[in-house]
Amino acid sequence: MPEDGEVSVVIHQVFNKIKAEAKKLGTTPLAYIRLFSRCFTLGTKNKPYSSISVHNSRYTESLEPMDDYVPNHFDLQRASRQPWAYLVNRRLSSGQICLARRGKCLAIGVGYHLTVFHLGLEAKVTIMSHADYTKLIENDCPGSNPDRTKASRMRSFVTPPQFIEPGSSSKAKRTINVFAAIVADTFAIVFSDFARLMRMHVISKDQHWTQADLDVGSLEWPLIWTTFPDGPDWVLERGAALIALNNWRDGVCEYASGFSKPIVDVIAENSTRVFSGFGRHLANDFLHYAAIFPGAPCSWICSDDIRFERFKQQILKYTEIWRSPEFLRRCAMLRRPWHAGVRIVQSDALTRCVNT
DNA sequence: CATTCGTTGGAGCTACTCGA
DNA sequence: TCGAGTAGCTCCAACGAATG
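If you count the first sequence from 1, position 15 lands on 14 in numbering that gives the first Met the number 0, and the numbers rise without skipping.
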């Protein structure tokens, strides 16, 4: 559900936080990434499912600092014999934070590691003070999986009482699953997911990641997005997105598979990699915005020049909304992270912003 | 080609037990 | 008889694999 707008908000907030800290400190803040593998999914025998994958053929472990850091027991246990254990069993080097996004995906580089985040179903990115972060990860407990053995390995963090909104549900077990955090001296960017379905892909290399590595069209750019391909970004890679759209149209006009599928499904599923940044929310919202019946077959959109041109122009106009200063001013202002409880449903705020 | 399943957790509902 | 408490169930969301 976190779609184009939510990712824009995160990027904007992180960028502004770094800028503000740099101004206050007089120097760019340094950070490191910490992974909480005790919260990762286990999958099953029949259905292997992993929260994390790595690409580390360009990386040497001995580059990381040697100190007396003691990793968490449950994190270590979960990481044991995993190809990504090197990210958990030591402290990782600090570096400048660099950022990239493409459609629904988000990439953050610090030190030797770049992490590509696929926010999946309902992951949430929260910027908080270092003090709040420390309190948040202080106590863990078995998760809520009905299988007790699994629950003891798929753990959750106990939400400190001061973070619980007064008057909110007294029944619910107040826990949070923290998958990863980008930790600076004064603040932390925390990735949490109540359903644990977010996924990460870490690319490690022998040189620190730089913002130049993450610029559109860099040598690294194609590699960064291969694990979670969403297609060319409608704002950052407009030319490539338009070419992909035209190729899709050609296919539909040649009666390629899916030519009679409802347009709303094709946009939401994005298996064509043409509708980057769209998910179920934006697919429906966009078709409302463009005044197109969601059940209209793709062939109806593509078969007429004027109709298709209008469709194309509406995508360009619509996708701009989520990067506009007006949207970011209204939806990406930093507030107290716990203002509305742990689960702030961002997409509702986005919908309201557009519809009012 | 379309549909279902399986990886998750919480909401929301029904149906049930238990004690007063 | 009636309430509180709770066990158990369905549903839902993204997404890829498997199945019909």
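The beta-carbon is built from N, C-alpha and C at its ideal position, and this holds for glycine as well.
- Straight-line spacing of the CA atoms in Q161 and I291 works out to 47 Å.
- Between the region 8 to 16 and the region 82 to 101 there are three or more C-beta pairs closer than 8 Å, enough to call the two in contact.
- In the three-state reduction of the DSSP assignment, I314 falls in the helix class, which pools H, G and I.
- Q312 has its alpha-carbon roughly 12 Å from the corresponding atom of Y288.
- When secondary structure is reduced to three states using DSSP, Y254 falls in the coil class, being assigned neither helix nor strand.
- Fewer than three beta-carbon pairs drawn from the region 250 to 269 and the region 137 to 154 are found closer than 8 Å, and the two stretches are therefore not classed as touching.
- When C-alpha distances from I223 are compared across S52, G4, L86, the shortest belongs to S52.
- When the Cα atoms are used, W233 and Q210 turn out to be separated by approximately 21 Å.
- When C-beta atoms of the region 121 to 131 are compared with those of the region 57 to 64, fewer than three pairs fall below 8 Å, so the two segments do not count as touching.
- Residue environment analysis places E325 among the exposed positions, since fewer than 16 neighbouring C-beta atoms fall within 10 angstroms of its C-beta.
- Annotated three-state conformation of D66 is coil, per DSSP.
- In this structure, the beta-carbon distance from G119 to L24 does not fall below 8 Å.
- Taking the C-beta atoms as reference points, S36 is found no nearer than 8 Å to G42.
- For the alpha helix (DSSP H) assignment, the uninterrupted runs of no fewer than 4 residues enclosed by the region 36 to 118 are, from N- to C-terminal side, 72 to 78.
- A distance below 6 Å between beta-carbons, with the five flanking residues on each side excluded, links L235 to the following residues of its chain, in chain order: V215.
- Contact annotation, I181 with I188: C-beta distance approximately 4 Å; criterion of less than 8 Å satisfied.
- Considering only R173, W247, P228, M153, the residue with the shortest C-alpha distance to P159 is R173.
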